[in-house]
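**Q** Have a look at this one before I ask anything.
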Amino acid sequence: MTRKATFRFPLLLGFKQGVQAQQFHRLGDFLLSAKLSSYGVYGNDIDITCEPKNAHNRTILWNCLAKVTLSTVPLPCYDDLVTELKLFRNNDRNLRFSTLTNFLSCNVHIEIVESIYADLSEPNNPLIDGLEDATHFKADGVEMYLSKKVLGFHSHFFHNMFNGNFEEETKDFYELKDINADDFLRFLGIIHAIDLSVDVDSVESLLYLGNVFHCKLVLRLCEDYLLNLTEEETDSEKKLDITRRYKLNRVLLGKMALKRE
8 MTRKATFRFP LLLGFKQGVQ AQQFHRLGDF LLSAKLSSYG VYGNDIDITC
58 EPKNAHNRTI LWNCLAKVTL STVPLPCYDD LVTELKLFRN NDRNLRFSTL
108 TNFLSCNVHI EIVESIYADL SEPNNPLIDG LEDATHFKAD GVEMYLSKKV
158 LGFHSHFFHN MFNGNFEEET KDFYELKDIN ADDFLRFLGI IHAIDLSVDV
208 DSVESLLYLG NVFHCKLVLR LCEDYLLNLT EEETDSEKKL DITRRYKLNR
258 VLLGKMALKR E
């Protein structure tokens, strides 16, 4: 698989063609793009985006660790060379380079260091360890093939499911009722260590799934996120409500300690 690509923005492209110039490269399972999104007297912004193939599918788990280097042909007496390691993932697909100086032209070099791409609609996807490990699920109308080992290791709910009777099992698959497929995909990203991120938009749904499936890893990550969340980043009453609802004792104790101070 080709793992390197270079985007070339020619001489004074920002002045000649405006700020909409965008280029694309396909690297294996990923489509990368670079766009000169602003071009001004005091600096420039270049946006890098990474998306998996079939990005519209609700069954794609992925991440892509890339080394991104911006090199420029600068205006006189300046030199711009910036390198950054970026982990692109489903909930963080963009990287912006902001240069402090103007330039005549620039190149963006991208090298994929490591990556994973799994389409869970496929029975032999790379997260499954052989035929005996595969199990078929349906959530929110979306069918997925998942790993019994990983689900059973991280979740008492699934451990009991695979070692006893489960009323939602049909002839061909287990059906998870009242579970949003997109939220479940994010849950799966955590237990497979593909995307361990929690943010303000996902913390409630992840807490719900962590509670339903008795998954300590997901609950702990959500608790850590709330512990580090500042008052400016969220509504304090909403945070308190979530904390009490899911009995997040460490967050409650932390809030009490702050009040005493």
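Residue numbers for the sequence shown follow the numbering used here, so the first one is 8 and each next one is one higher. Note that CB positions come from ideal geometry on N, CA and C, so glycine has one too. Every value quoted in this text rests on a predicted model; they were computed, and no experiment measured them.
Does the contact criterion of 3 or more C-beta pairs under 8 Å hold for the region 220-234 versus the region 148-164?
**A** yes
**Q** Can you give the Cα-Cα distance for residue 186 and residue 58, rounded to whole angstroms?
**A** 25 Å
**Q** So for residue 169, helix, strand or coil by DSSP?
**A** In the structure shown, residue 169 adopts helical secondary structure according to DSSP, grouped into three states.
**Q** State whether the region 58-67 contacts the region 121-130, with contact taken as three or more CB pairs (one from each stretch) at a distance under 8 Å.
**A** yes
**Q** Would a C-beta distance cut-off of 8 Å place residue 39 and residue 9 closer than the cut-off?
**A** no
**Q** Comparing C-alpha positions only, which one of 79, 232, 147, 137 sits nearest to residue 154?
**A** For residue 154, the closest of 79, 232, 147, 137 by C-alpha to C-alpha distance is 137.
**Q** If you draw a straight line from the alpha carbon of residue 328 to that of residue 142, how long is it in whole angstroms?
**A** Outside the modelled stretch of the chain, which goes from 8 to 268, sits residue 328, for which no answer is possible.
**Q** Taking DSSP's pairing of strands, which residues face residue 207 in a bridge?
**A** BP columns for residue 207 are empty, so no partner.
**Q** With respect to the beta strand (DSSP E) encompassing residue 253, which residues constitute its N-terminal and C-terminal limits?
**A** Element bounds for residue 253: n/a, residue is neither H nor E.
**Q** For residue 198, name the three-state secondary structure that DSSP assigns.
**A** helix
**Q** The beta strand (DSSP E) with residue 101 in it runs from where to where?
**A** 101-106
**Q** Ignore the nearest five residues each way along the sequence and tell me which others in residue 207's own chain have a CB closer than 8 Å to its CB.
**A** Result list for residue 207: 236, 240, 241, in chain order.
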